[in-house]
Amino acid sequence: MKRKSMMKRMAAFLTAAMVLSLTACGGQEAADGAQSAGASEQGSAVSAEETEYQGDQDLEYVELKLYAIADAPNNTDLAAQYWEELNKQLKEDLNCTIDYTYAAGNDYKNNYALAIASGESYDLIQAAPGWLDYQTYAAKNAFLPLDDLLPEYAPYLWETIPEETWKAASVNGNIYAVPNLETGVTATAFVYREDLRKKYDLPEIDSMEDIETYLQAIVDNEPGLLPVDDYQCQVYGTSWIYNTPYIGIDEIHDELFNFVYDPRNGEVLSVIETPEYKEYMYKMKDWADRGFWSSSVLASTNWGVMQVLNGAAAASFNEQLPAYNWHKTQVEEEHGSEGWELGFYMYFEGNPDSVLSGSTIANMTAVTANAENPERALMFLDYAQQHEELWDFLTYGMEGINYELAEDGSIDTTNIEEGASFNYFPSSIIGNDDFKKRQSNYCDDYDEIMQKIDEKVVPDIFEGFALDQSGFETEYTALYNVQTEYGYPLQAGLVNDVDAAYEEYLAAAKAAGLDMVREEVEKQVNAWLESRE
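Positions -26 to -1, 1 to 507 (mature numbering (1 follows the signal peptide of the UniProt record, and there is no 0)) are the ones given, in order, by the sequence shown.
As structure tokens, this is what we get:
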């Protein structure tokens, strides 16, 4: 690992933390102090002149257990070399090492749930609202409250992260996860084989109609290739919301919602009663009948993007930035000689009424309730976000192997050896807008894509909102079961008659308590929005 000395006098670190804990004791309430003049004194203490940290004279050695969603690296030798170097450095700096459990991207939801239910102790575990159900797990005490620990063991992050972000990360008055230092935007998109679009002289993809034309061409001309292989009803789930004017309220799974908010009039609506929902079901039925996906899709656990990358499918409805950059590079490296290319279409581009929200808690790190070393885990997060060379190692890998540092300071991966693409550490948990560097494997139109996102994105009005289901937990669970039994087949287009299937689904949802739950959700949403005025 190429670096200057990153040793830090931990005594000064802890002294600053003790000062903060005396003035900012009591968890979230301390944020007021962190924004006051006293906070500047704390900042100068934290950034005091550094001297060498004396290793285990101050800190007992611990091994931190890390869990995050990522497929295991293909090049196990390089991964082993990376972890040896990283753990050597962490041993010197913080007298700790990290044991990372890779959780497969396929069926990540169940893998994550099983990891938490197992009772396994994780000092660092990836957390996020929506797709990883952060608020739900926090409310069930799966994670450790961090309010009292943060000022003492992560004083830099405690001061640097805005009070509003800490509030957004709070559930029932407690902070259960540490946000990173990067604003996250989910711009879900359609990814496809651009070389096949060109091969069959199809129109550039700028709308859902163009997507339909492309998928039909795959059916007609590529019999050995699935047009789409996104699991269950993910085609609907990842595209519908961006083809409406609504904002999702309660993400059940992969952008499937029971309820949405209409910013045009302030109404809370049940998804299945919106006019756009039923209309979309006709499209899903039509596409399924045409063979755009397998008739056994409801039993699938395939991650559609991976199916595109390995040649099993021609498209996926569930791509996102920045992953597209890495995937495009992967395709060029692995299939460039075969003429493969990837294309990318963001759904919001075709709908001026769609809402694209930016979040400061999109990627976080929690600590399981039974973790053995929460203090050192917070110290690691705090330390990594202050030391750019360590951060680079965690984010980009080994210089000279996983990348070269270009003269302009960008990360150059154009000449790395095959199999050396970096994916050994879940760098999203330590995102940092100040440390982030431009990368050579950004797609050619990256700046254009980011400009479109920047022009579209707005603050998430529901950031930090946690639906309290305690008053209707039975009904809410029943709605989930109804969604699984009646909604999934309808949304995957695997029904004989859309009208009949829709009416059956709606009747079952009403019987499960849809109207009552919607009214309760509306009350909570209105109270939340009023509290933000």
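Ideal Cβ positions, reconstructed from N, Cα and C, are used throughout, including at glycine.
- For Asn84, the uninterrupted alpha helix (DSSP H) segment begins and ends at Tyr82 to Ala91.
- Under the three-state reduction of DSSP output, Ile390 falls in the coil class, being neither helix nor strand.
- Counting the other Cβ atoms within 10 Å of the Cβ of Lys39 gives 16 or more, which makes it buried.
- Nearest C-alpha to Ala501 among Gly467, Leu468, Leu453 and Ile435: Ile435.
- Under the DSSP assignment, Ser213 falls in the alpha helix (DSSP H) whose first and last residues are Gln208 to Ser213.
- Remark: C-beta atoms of Asn344 and Gly158 do not approach each other more closely than 8 Å.
- The alpha-carbon of Asp489 is positioned some 34 Å away from that of Ser268.
- Here Pro129 is buried: its Cβ has 16 or more other Cβ atoms, across all protein chains shown, within 10 Å.
- Inter-segment contact for the region 367 to 387 and the region 398 to 414 is present: three or more beta-carbon pairs are separated by less than 8 Å.
- When only Cα atoms are considered, Asn347 and Leu468 end up about 48 Å apart.
- Contact fails between the region 269 to 279 and the region 383 to 391, because fewer than three Cβ pairs, one in each stretch, are under 8 Å apart.
- For the pair Asp224 and Leu464, the CB atoms are not nearer than the 8 Å cut-off.
- In terms of Cβ geometry, Ala91 and Asn85 do not form a close pair [threshold 8 Å].
- For the pair Ile99 and Ala336, the CB atoms are not nearer than the 8 Å cut-off.
- Contact check for Val145 against Ala101 fails: the beta carbons are separated by 8 Å or more.
- Given a length threshold of 4 residues, each whole run of the alpha helix (DSSP H) inside the region 413 to 484 is given here in chain order: 420 to 430, 447 to 456 and 462 to 465.
- Here Tyr82 is buried: its Cβ has 16 or more other Cβ atoms, across all protein chains shown, within 10 Å.
- The shortest CA-to-CA distance from Tyr174 to any of Ala161, Ile192, Glu183 and Thr160 is the one to Ile192.
- Remark: C-beta atoms of Ile427 and Ala142 do not approach each other more closely than 8 Å.
- The C-beta separation of Val499 from Tyr220 comes to about 12 Å, leaving the pair out of contact by the 8 Å criterion.
- Within a 10 Å sphere around the beta-carbon of Ser505 sit fewer than 16 other beta-carbons, which makes this residue exposed.
- The residue among Thr75, Asp169, Arg350 and Gly211 with its C-alpha nearest the C-alpha of Ser311 is Asp169.
- The beta carbons of Met182 and Asn217 sit closer together than 8 Å.
- Tyr188 and Arg171 have their C-alpha atoms some 7 Å from each other.
- Spatial neighbours of Ala163 in its own chain (CB-CB distance under 8 Å, excluding positions within 5 residues in sequence) are listed in chain order as Glu293, Gln294, Leu295, Tyr298, Phe318, Tyr319, Met320 and Tyr321.
- Around the C-beta of Tyr108, 16 or more other C-beta atoms lie within 10 Å, and the residue is accordingly described as buried.
- Bridge partners of Ala287 according to DSSP: Leu200.
- Taking a C-beta distance under 8 Å as the contact criterion, Asp327 and Leu155 do not qualify as a contact pair.
- DSSP places Pro237 outside any alpha helix (DSSP H), giving it a letter other than H or E.
- Restricted to the region 96 to 135, the alpha helix (DSSP H) segments that are unbroken, complete and at least 4 residues in length are 108 to 113, 124 to 127 and 129 to 134, listed in chain order.
- According to DSSP, residue pairing for Val145 in a beta bridge involves Asn148.
- Membership of Tyr216 in any alpha helix (DSSP H) is not indicated, and neither H nor E is assigned to it by DSSP.
- The alpha-carbon of Trp261 is positioned some 11 Å away from that of Tyr210.
- Scanning the region 281 to 367 for uninterrupted beta strand (DSSP E) segments of 3 residues or longer gives 287 to 293, 316 to 320, 330 to 333 and 338 to 340, listed from N- to C-terminal end.
- Taken through DSSP and simplified to helix, strand or coil, Glu178 comes out as coil.
- The criterion of a C-beta distance shorter than 8 Å is not satisfied by Ala287 and Asp184.
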